[in-house]
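Everything below concerns the one structure shown next.
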Amino acid sequence: MGRILAVVAGAFLAAGALLGCTEPGGAARPEAAQPLSDERDAIPLSDAERSLVLAEMRLMLESTEGVVAGLASNDMRAVEQAAARSGLGASGTVDQTMHASLPEAFVHMGAAAHGGFDDIAILAREGAGVDAVTMRLSQTLSQCTSCHAAFRVERHD
Numbered sequence: 016m017g018r019i020l021a022v023v024a025g026a027f028l029a030a031g032a033l034l035g036c037t038e039p040g041g042a043a044r045p046e047a048a049q050p051l052s053d054e055r056d057a058i059p060l061s062d063a064e065r066s067l068v069l070a071e072m073r074l075m076l077e078s079t080e081g082v083v084a085g086l087a088s089n090d091m092r093a094v095e096q097a098a099a100r101s102g103l104g105a106s107g108t109v110d111q112t113m114h115a116s117l118p119e120a121f122v123h124m125g126a127a128a129h130g131g132f133d134d135i136a137i138l139a140r141e142g143a144g145v146d147a148v149t150m151r152l153s154q155t156l157s158q159c160t161s162c163h164a165a166f167r168v169e170r171h172d
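This is the structure in structure tokens:
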């Protein structure tokens with residue numbers, strides 16, 4: 016159960032990073048108001064491309080939420096369904112033609128994360144235990160964290 020709590024805590028931290036790190040009520044933290052140096056590689060995207068990438072990230076976060084909820088209630092069918100929504104072949108993921116405009120490392124990290132969700136769905140379907148699924152989820156979230164640490168999306172005109 017301790018692993019599940021660690022995964023949940025990691026998911027909430029990732030959500031905070033994805034949503035702009037604001038305090039409850041939407042007010043920015045004081046330290047966030049000061050300009051910070053962001054050494055991550057910028058990925059310049061049009062508004063439409065940026066929206067697609069961010070929607071895909073939200074989908075993976077929603078899948079993580081569903082996997083954790085399924086694990087908490089020992090409902091492996093729910094785990095499988097939640098994970099499958101973010102697998103490699105899932106609808107709602109970035110169009111293959113857009114991959115050419117994205118850095119190769121970003122594409123590889125994204126594919127590894129989507130593959131992780133496929134693995135989670137397979138583990139759940141094949142009756143793997145909570146510990147095995149939680150371990151694979153942890154590895155998948157590590158891919159997400161590595162990608163967010165390396166890249167940031169920016170609007171370009």
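So in my numbering, the last one in the sequence shown is 172, and the numbering has no gaps at all.
Think of the CB as a built atom: it goes at the ideal place given N, C-alpha and C, for glycine as much as any other residue.
Beta-bridge pairing of residue i - partner residues as DSSP gives them
i	result
E169	P59
Residue i, DSSP secondary structure in three states
i	result
E141	coil
D90	coil
S247	Since the first residue of the chain shown is 16 and the last is 172, residue 247 is not available in this structure.
R151	helix
S116	helix
L103	coil
Residue environment, residue i, which counts as buried when at least 16 other CB atoms sit within 10 Å
i	result
H129	buried
D179	Residue 179 lies beyond the stretch modelled for the chain, which goes from 16 to 172, so this question has no answer here.
G31	Low local confidence applies: a pLDDT of 46 at G31 is under 50, so the model's placement there is unreliable, and no value is given.
S61	exposed
Presumed contact (8 Å Cβ cut-off) between residue i and residue j, rounded CB distance
i	j	result
E64	M113	6 Å
A57	S78	Not quite, the Cβ-Cβ distance comes to about 26 Å (not below 8 Å), so this is no contact.
T155	F121	The Cβ separation is near 16 Å, so there is no contact.
Could you tell me whether the segment 134-144 touches the segment 67-76, where touching means 3 or more Cβ pairs closer than 8 Å? no
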